[in-house]
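Protein chains: 2
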Amino acid sequence: MFPDTLVHDSKSKILLAVLDGLGDIPGPGGPETPLEAAHTPHLDRLAREGTSGLFTPVAPGITPGSGPGHLALFGYDPATYQVGRGVLSALGIDFRLEPGDVAARFNFCSLDPDGNISDRRAGRLPTETNRRLVEQLRERVKPPSGVSLYWETETEHRGVLVLRGRELCGNLRDTDPQQTGRPALPVTPLDDEARATSSIVQSVLDQAHWTLKGEHPANGLLIRGFATLPRWPNFRERFGMKACAVAKYPMYRGVARLVGMTVARRYDALSEAPALLAEAWASHDFFFLHFKDPDKAGEDGDFERKKKAIASFDLVVPDLLALRPDVFVVTGDHSTPVAMRQHSWHPVPVLLHAPATVRPDQVERFGERPAQQGGLGQRLMYELMALMMAHAGRLAKFGA
Amino acid sequence: MFPDTLVHDSKSKILLAVLDGLGDIPGPGGPETPLEAAHTPHLDRLAREGTSGLFTPVAPGITPGSGPGHLALFGYDPATYQVGRGVLSALGIDFRLEPGDVAARFNFCSLDPDGNISDRRAGRLPTETNRRLVEQLRERVKPPSGVSLYWETETEHRGVLVLRGRELCGNLRDTDPQQTGRPALPVTPLDDEARATSSIVQSVLDQAHWTLKGEHPANGLLIRGFATLPRWPNFRERFGMKACAVAKYPMYRGVARLVGMTVARRYDALSEAPALLAEAWASHDFFFLHFKDPDKAGEDGDFERKKKAIASFDLVVPDLLALRPDVFVVTGDHSTPVAMRQHSWHPVPVLLHAPATVRPDQVERFGERPAQQGGLGQRLMYELMALMMAHAGRLAKFGA
Chain E
408 MFPDTLVHDS
418 KSKILLAVLD
428 GLGDIPGPGG
438 PETPLEAAHT
448 PHLDRLAREG
458 TSGLFTPVAP
468 GITPGSGPGH
478 LALFGYDPAT
488 YQVGRGVLSA
498 LGIDFRLEPG
508 DVAARFNFCS
518 LDPDGNISDR
528 RAGRLPTETN
538 RRLVEQLRER
548 VKPPSGVSLY
558 WETETEHRGV
568 LVLRGRELCG
578 NLRDTDPQQT
588 GRPALPVTPL
598 DDEARATSSI
608 VQSVLDQAHW
618 TLKGEHPANG
628 LLIRGFATLP
638 RWPNFRERFG
648 MKACAVAKYP
658 MYRGVARLVG
668 MTVARRYDAL
678 SEAPALLAEA
688 WASHDFFFLH
698 FKDPDKAGED
708 GDFERKKKAI
718 ASFDLVVPDL
728 LALRPDVFVV
738 TGDHSTPVAM
748 RQHSWHPVPV
758 LLHAPATVRP
768 DQVERFGERP
778 AQQGGLGQRL
788 MYELMALMMA
798 HAGRLAKFGA
Chain Y
408 MFPDTLVHDS
418 KSKILLAVLD
428 GLGDIPGPGG
438 PETPLEAAHT
448 PHLDRLAREG
458 TSGLFTPVAP
468 GITPGSGPGH
478 LALFGYDPAT
488 YQVGRGVLSA
498 LGIDFRLEPG
508 DVAARFNFCS
518 LDPDGNISDR
528 RAGRLPTETN
538 RRLVEQLRER
548 VKPPSGVSLY
558 WETETEHRGV
568 LVLRGRELCG
578 NLRDTDPQQT
588 GRPALPVTPL
598 DDEARATSSI
608 VQSVLDQAHW
618 TLKGEHPANG
628 LLIRGFATLP
638 RWPNFRERFG
648 MKACAVAKYP
658 MYRGVARLVG
668 MTVARRYDAL
678 SEAPALLAEA
688 WASHDFFFLH
698 FKDPDKAGED
708 GDFERKKKAI
718 ASFDLVVPDL
728 LALRPDVFVV
738 TGDHSTPVAM
748 RQHSWHPVPV
758 LLHAPATVRP
768 DQVERFGERP
778 AQQGGLGQRL
788 MYELMALMMA
798 HAGRLAKFGA
């Protein structure tokens, strides 16, 4: 993005507020998106004083998951910084991954008497049963020498297995054949480096199957998405800023931790977030505030609830401004259109407020259509970091 | 950018007028930028007839120096074509660098009786003293065999040293420790290839220190920013056009020379520039006209003067149009906001006038905010070259 040598120190503070799934398309019957329809007098004022744009999380037409959506916001091009499913699953349950850990998703499954898979999800096991079985696996599966095993329940039939030890390698093929009527695949290394880890994982799975032998319907395990916690340059090294994340949900706390941010205590109501930011204010430079509700309402297809979630964020804006950030950005990690009930590729409106240095545009409100006319133009989301840093006086001149 | 094979010949003429530091943000107390506030009837008419856009000199958030800003205008992506400090300093004093030359900045400094630096700038020496000392260095420092030495005064304590010879290499560490109370660092090669040059430069510096021994306060030299003139594809090879630069100040004449442009005589008043262009018109295809005043006013924080400088450029526009360029572009190399008194990262308005081929937009005036809505969109500055060439009929169809 830019050479490290341009990064220079400053006392300035940057506040990045992320409304999860913010972007949308017009709702059923109406010409407006939830953001355009929401009552947001504070955000509208910031849009008038600041500058707006439409930013694409990954690339045109690409719908991001939560991991890539947030990595882009943190200045890590998600096309370059890819992270495996197992790692994201571990982050999603608040597991504290360490460098070198290998993580994978597992499903409890049902095996017939011949050992063939009869149900890949063991009848969508109740989460409580999952917990009981995970307890048994913890007790009875002996970790191979030099390796620690962490069995964790996710929900229903889903769980996460983490291996911690020296020189483990995550380049392993899934054991889930994605079909019933055949046995699970053996653990197979995808390169030479992964041979030893492959044997370790196979012995773990063999013990797990022995442990689950008498269970019904969950008498087997399928495992996929093996991944190692990547060793990426951390946020502070790359951008010269100590960062603090204020987020309620594990996935976002996890992605923040992945790039080396400090993670503050969980908040319960959004109104508690400004106080958590205030506590960290003096000791950090960059603040990431995550607010999940617009995304949940989008996934539920609930226009009114998404609109209200956005309006409820607007109510805390004065408390956020009271912290006096030099640069205040409000945006989303991706779009979750109500009409689609899922993440989408549509670019996300960005609002940048930085009174000392901003070039205002003609945008009068915060919304998808106004942002199309904004001074920031249409860009890739990972480019936002350099813009925030520039407005915060944290990037030196390039060349003489 | 585009394959060389697309370049084809034409009789068409392109005129690129660069108002240095043109871009701005609204001035103190007003909603308008200097460009928006300036009386520019001719430029406004061209904006109406032509098409506008906002172009980012290097990358979003990156503030360019004059070198990278101009390389982008000349179609050289400044992220790829990087040039060292010593070379830019040499260009800035109108020194005619040749391929293979190694150039570096030096400061006269003060050394205490133990040889430690007591003042890195020798009390900001008067330029006249600098000239006298440089004269002594020219006389008394013997060039090592096969090498020519060029000692040049810049201003105050600053100067430029150029070494010319065979197989010199500029990968040398600065001798300036950036601190007082310690001696200058020895010249040190940063790779094997630079070993021989390192010894040569050390012997030159040893002689220089001997020469300056009795002086006060400038009895030492610190040297930094060693760089070799890069061997880049030249402008004519890349774009198939003979280019002529009309510029008043050394830095811009130098950067034009760096890519192989012919450099016309210096003009004194801007009103002389059209005649200089007219002289070169028949024998060249591409014309770069540089006007420094808006940048100087911006760096001085003088809104009125910047506005007037821009208006004074507007007055010569009829004389420039009288040359009948097929493509006439007016833009800047970067922004120099009055409120910031320095270069900034803000994108620069571009106006492209090409009556035969332009798709007009809804822009009615030349200004930052109108340009946000312009038909050229928001792009990287180095992409402008292909657009100018296309409108000049100088790029063939890509593929059948």
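If you read the sequences in order, they're chains E and Y.
Going by the working numbering, the first residue of the first sequence is number 408, and it counts up by one from there.
Going by the working numbering, the first residue of the second sequence is number 408, and it counts up by one from there.
Where is the CB? At the ideal position from N, CA and C, for every residue including glycine.
Y789/Y sits in a helix when the DSSP states are folded into three classes.
If you ignore the 5 residues before and after V414/Y, its C-beta comes within less than 8 Å of the C-beta of R645, F646, G647, M796, R801, L802, A803, all in its own chain and listed in chain order.
In the three-state reduction of the DSSP assignment, A650/Y falls in the strand class. Between P593/Y and N523/Y a beta carbon distance of about 14 Å is seen, past the 8 Å cut, so the two are scored as non-contacting.
CA-to-CA, the gap between R503/E and V567/E works out to about 12 Å. Here Y483/Y carries a coil assignment [DSSP, helix/strand/coil]. With a threshold of 8 Å between beta carbons, F805/E makes contact with chain Y. Listed by position along chain Y, the residues whose Cβ is nearer than 8 Å to that of E790/E are A466, P467, G468.
Comparing alpha-carbon positions, the option among A424/E, G430/E, R452/E, P438/E lying closest to P762/E turns out to be R452/E. DSSP places I432/E in no beta strand (DSSP E); its state is neither H nor E. Apart from sequence neighbours up to five positions away, the residues of its chain that approach V670/Y with a beta-carbon distance below 6 Å are A652, R660, A663, R664, ordered along the chain. Y659/E: not part of any beta strand (DSSP E); member of the alpha helix (DSSP H) spanning 657-665, first to last residue.
For the region 495-571 of chain Y, the continuous alpha helix (DSSP H) assignments of 4+ residues that do not extend past its boundaries occur at 534-547, in sequence order. Annotated three-state conformation of L597/E is coil, per DSSP.
Nearest CB-CB separation between W752/Y and chain E: below the 8 Å threshold. P475/Y reaches chain E at F805, G806, counting residues in chain order whose Cβ is nearer than 8 Å. For T743/E, the three-state secondary structure derived from DSSP is coil.
A straight-line Cα-Cα distance of about 45 Å links A634/Y and G472/E. For the pair L423/E and F694/E, the Cα-to-Cα distance works out to about 6 Å.
By the Cβ rule, the region 690-708 of chain Y does not count as touching the region 489-509 of chain Y, because fewer than three pairs are nearer than 8 Å.
Taking a C-beta distance under 8 Å as the contact criterion, S459/E and D768/E qualify as a contact pair. A buried status is given to W558/E, since no fewer than 16 other beta-carbon atoms sit within 10 Å of its beta-carbon.
Nearest CB-CB separation between I500/Y and chain E: not below the 8 Å threshold.
Remark: C-beta atoms of C516/Y and A497/Y do not approach each other more closely than 8 Å.
Residue environment for W617/Y: exposed (fewer than 16 other C-beta atoms within 10 angstroms of its C-beta). At a cut-off of 8 Å between C-beta atoms, T764/E counts as an interface residue with respect to chain Y. Per DSSP, the unbroken beta strand (DSSP E) holding T635/Y starts and ends at 627-635. The beta-carbon of R602/Y is placed no less than 8 Å from the nearest beta-carbon of chain E. Sequence-distant Cβ neighbours of V494/E in its own chain, meaning closer than 6 Å and more than five residues away, are A510, A634, L636.
In this structure, D431/E sits near P441/E, with a CB-CB distance shorter than 8 Å.
The beta carbons of A793/E and P744/Y sit no closer together than 8 Å. The continuous stretches of beta strand (DSSP E) do not include F720/E, which lies in the alpha helix (DSSP H) extending over residues 710-728. Chain E has a Cβ within less than 8 Å of the Cβ of G472/Y. DSSP places V608/Y inside the alpha helix (DSSP H), whose first and last residues are 602-619. With respect to V734/Y, H449/Y sits apart: the two C-beta atoms are not nearer than 8 Å. H623/E counts as exposed, since fewer than 16 other C-beta atoms from the protein chains shown sit within 10 angstroms of its C-beta.
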